[in-house]
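Contents: one structure, followed by commentary.
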Amino acid sequence: MVEVTYDVPWFRHSCVDWAPVCKMPVKRSQLSPYTQSLIQEGQVVSETPKLVPYLGKHVREGVDIRYLKFIAEHLHVRIFDFSSCVVFRCRAFMRSFVRQTVETRREYKKSGRKLQAEVQKLTGNVQYGKMVQNQESFRTTRVYTDGMKFQKAASGPAMLDIHPQIVEEHAFLAFVDVQKAGNAKVLRSFLQGGWKVLEESRLLMMKAHYGIRRVFDGDLLKSIDPADDSSDMKPEQSRVRWLGGDTDSSVLQIFSDQDPKIALAKANLRGAAPFFDVAGDAKGDALKEHLAPLCEESRELALRRAGELGNFSDELAPHYGVEWVGLAPKMYSLSKTEGESKERAKGVPKSERKKLDHDLYKAILESGGEHKVEFCRLGCRHHVNEVVQIQKRGLTALNTKAWQLDSHRSRPLGHFKNNDVWAACWAALQRGERGFEGRSDVAAFHLMNHILGFVDGEVGFLHRERMSDGQFKGKLHNTSYLRSS
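Numbers 1 to 485, taken from the working numbering, label the letters of the sequence shown in order.
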């Protein structure tokens with residue numbers, strides 16, 4: 001693990017859709033005018049630190065060195081400062097457990113035993129949860145039926161909270177929350193393991209995403225500016241659009257003259273990593289029909305490696321996505337070719353989520369409004385079980401993890417065009433007819449560097465460059481980009 005300060009250079013912002021994530025608070029002033037217009041009167045925007053795709057400067061961030069190597073080579077990040085390094089000795093002591101759990105879940109899914117498959121999924125996922133569990137704030141609840149003992153405990157130094165329940169002449173019941181004593185307060189979780197799992201997942205997802213972009217674009221230097229359809233595409237624009245994702249999933253829009261799975265299957269023949277599992281969960285005749293457009297060699301490889309651990313799998317196969325509606329984080333609807341749709345809304349029970357449909361998600365997106373839900377759940381307050389009536393925001397178009405241009409378009413936070421002055425400067429410079437060495441684009445580039453260098457100050461950084469032998473070599477630069485050493 002290395003602790004470094006880095007950023008994505010401004011001239012790469014228009015090419016980066018899946019930005020490196022940063023744990024940071026997002027203030028109201030960092031949101032776009034459109035996003036701020038969605039904030040209702042009296043509504044408070046939480047500034048609790050959260051993981052956000054960010055193109056700006058990541059200050060003293062702890063990352064896996066393999067992840068840093070990847071974003072340095074493919075996103076051309078600039079490393080300004082190296083603060084510290086922690087070396088771990090890794091051993092795959094859970095490999096057999098993970099493989100067995102995944103294989104068992106796969107067999108259950110094939111046989112249609114959905115409940116057992118979900119149990120196997122939780123069996124594996126809970127290991128990660130326990131690894132990152134912070135026990136330092138845990139407390140012990142003690143039960144008292146004697147009023148004098150309760151008063152003594154309530155006035156003790158370890159007391160955190162009290163919950164009197166029954167206070168009568170012949171009956172007494174109360175609870176006292178106290179700090180755990182001794183070594184119980186020590187952080188004993190296997191944080192290194194949990195951190196490594198998350199970093200590996202980030203790296204795999206980035207490799208898969210930018211691997212797909214290489215398949216359809218040939219390189220990673222093409223712009224990801226919004227496009228409505230393939231007829232509007234310019235040669236310098238990417239044919240892949242990232243719509244949303246997480247540490248284990250991604251939703252992509254691909255503009256292609258043929259079925260995208262044909263190009264992905266051909267990439268598998270070239271030994272692409274990760275393996276693009278175009279078969280997905282398709283079975284029987286549907287699977288045969290789905291793989292029919294592939295050449296025989298691609299089809300055999302897809303069938304042989306379908307469902308393997310580590311594959312980047314097509315979850316919709318043998319169908320396709322028709323329309324994606326992304327609202328707030330973990331809140332989306334995806335309509336599919338067979339007429340069904342998949343709705344997700346974090347914090348909304350499944351029983352209430354079934355009442356939501358794709359059209360409602362679209363209406364919320366277009367109007368920028370909210371949809372309230374009301375439901376009951378079994379809760380516990382002061383150690384007494386009760387039915388709790390809950391009314392909360394179910395759907396909202398307010399997304400504080402992106403710079404929303406409007407209801408359909410957004411950019412990552414930290415993009416230089418999010419600053420109106422910088423965006424206007426860049427647009428004006430690009431309109432020049434003559435410039436450096438007779439090229440207005442080169443002149444605009446150097447002048448923009450001078451402007452940003454004046455604002456941020458010139459700083460030295462490490463940048464990886466490909467040498468004539470194909471190897472990468474670190475080279476020291478200055479943010480002016482007019483000299484190197």
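All C-beta atoms, glycine included, are put in the ideal place defined by N, C-alpha and C.
C-beta atoms of residue i and residue j nearer than 8 Å
i, j, result
"Gln536", "Tyr108", "Past the edges of the chain, shown from 1 to 485, lies residue 536, and the structure says nothing about it."
"Glu352", "Gly326", "no"
"Ser14", "Asp225", "yes"
"Ile364", "His371", "yes"
"Phe375", "Pro412", "no"
"Leu294", "Ile254", "no"
"Gly310", "Arg106", "no"
"Arg498", "Lys180", "A query on residue 498 cannot be resolved here, the shown segment of the chain reaching from 1 to 485 and no further."
"Gln404", "Thr48", "no"
"Trp251", "Arg213", "Reading off the sequence shown, one finds Val at residue 251, where the question assumed Trp. Not in contact: Val251 and Arg213 (Cβ atoms no closer than 8 Å)."
"Lys336", "Pro274", "no"
"Val373", "Lys392", "yes"
"Leu264", "Val215", "yes"
"Arg142", "Val167", "no"
"Ile390", "Arg377", "yes"
"Phe80", "Tyr6", "yes"
Supposed close pair residue i, residue j - CB separation, criterion 8 Å
i, j, result
"Val26", "Thr400", "5 Å"
"Gly129", "Val98", "So it is not a contact: roughly 15 Å between Cβ atoms."
"His319", "Glu338", "5 Å"
"Ala397", "Ser407", "7 Å"
"Ile162", "Ala171", "Contact flag wrong, Cβ pair sits at about 17 Å."
"Met24", "Gly62", "Between Gly62 and Met24 the Cβ distance is about 14 Å, and since that is not below 8 Å, they are no contact."
"Val176", "Met159", "6 Å"
"Leu220", "His74", "6 Å"
"Gly56", "Gly414", "3 Å"
"Leu287", "Arg299", "Their Cβ separation, rounded to whole angstroms, is 10 Å, which puts Leu287 and Arg299 out of contact at 8 Å."
"Gly156", "Met205", "With 8 Å as the limit, Gly156 and Met205 do not qualify as a contact, their Cβ atoms being about 49 Å apart."
"Gly211", "Ala272", "6 Å"
7 Å Cβ shell around residue i - same chain, five flanking residues per side excluded
i, result
"Leu198", "Thr247"
"Cys425", "Met448, Ile451"
"Tyr67", "Glu199, Arg202, Leu203"
"Gly379", "Glu386, Val388"
"Ser313", "Asp277, Gly280"
"Pro9", "His76, Arg78"
"Phe445", "Phe11"
"Leu301", "Asn268, Leu269"
Bridge-paired residues (DSSP) for residue i
i, result
"Ile254", "Val240"
"Asp125", "The amino acid occupying residue 125 in the given sequence is Asn; Asp does not appear at that position. Paired residues: none, contrary to the question."
"His163", "Phe175"
"Leu378", "Val387"
"Glu199", "Answer is none; Glu199 lacks a bridge partner."
"Thr141", "Asp177"
"Val4", "Glu61, Phe82"
"Tyr332", "Gly326, Arg344"
"Val373", "Lys392"
"Cys22", "Val52"
"Leu413", "Tyr54"
"Ser223", "Gln237"
"Gln404", "Ser410"
"Gly453", "Paired residue(s): none; Gly453 is not in a bridge."
"Gly112", "Gly112 is not bridged to any residue."
"Gly245", "Ser250"
6 Å Cβ shell around residue i - same chain, five flanking residues per side excluded
i, result
"Leu482", "Residue confidence is low: Leu482 scores 49 on pLDDT, short of 50, so the model does not pin down where it sits. No coordinate-derived value is stated."
"Ile71", "Pro20, Val77"
"Asp17", "Ile224, Trp242"
"Tyr361", "Val325, Ser333"
"Ser83", "Glu3, Arg60"
"Leu356", "Glu343"
"Asp64", "Glu199"
"Asp469", "none"
"Cys85", "Val2"
Nonlocal neighbours in the same chain, by C-beta distance under 8 Å from residue i, ignoring five residues either side
i, result
"Val45", "Val26, Lys27, Arg28, Leu31, Ile39, Thr400"
"Val384", "Gln165"
"Lys110", "Lys283"
"Gly438", "Interpretation of Gly438 is limited by its pLDDT of 46, a score under 50 that renders its predicted location unreliable; no figure is taken from the coordinates."
"Leu191", "Met131, Val132"
"Glu315", "Ser249, Gly280, Asp281"
"Phe88", "Met1, Gln192, Lys196"
"Tyr144", "Phe150, Ala153, Phe172, Leu173, Ala174, Phe175, Val176"
"Ser367", "Ala397"
"Cys90", "Lys196"
Any C-beta of chain B under 8 Å from that of residue i
i, result
"Asn268", "No chain B is part of this structure, which consists of one protein chain only."
Next on the checklist: For a minimum of 3 consecutive residues, which ranges assigned as the beta strand (DSSP E) are wholly contained in the segment 257–328?
Outcome noted: DSSP runs (the beta strand (DSSP E)) wholly in the segment 257–328: 321–326.
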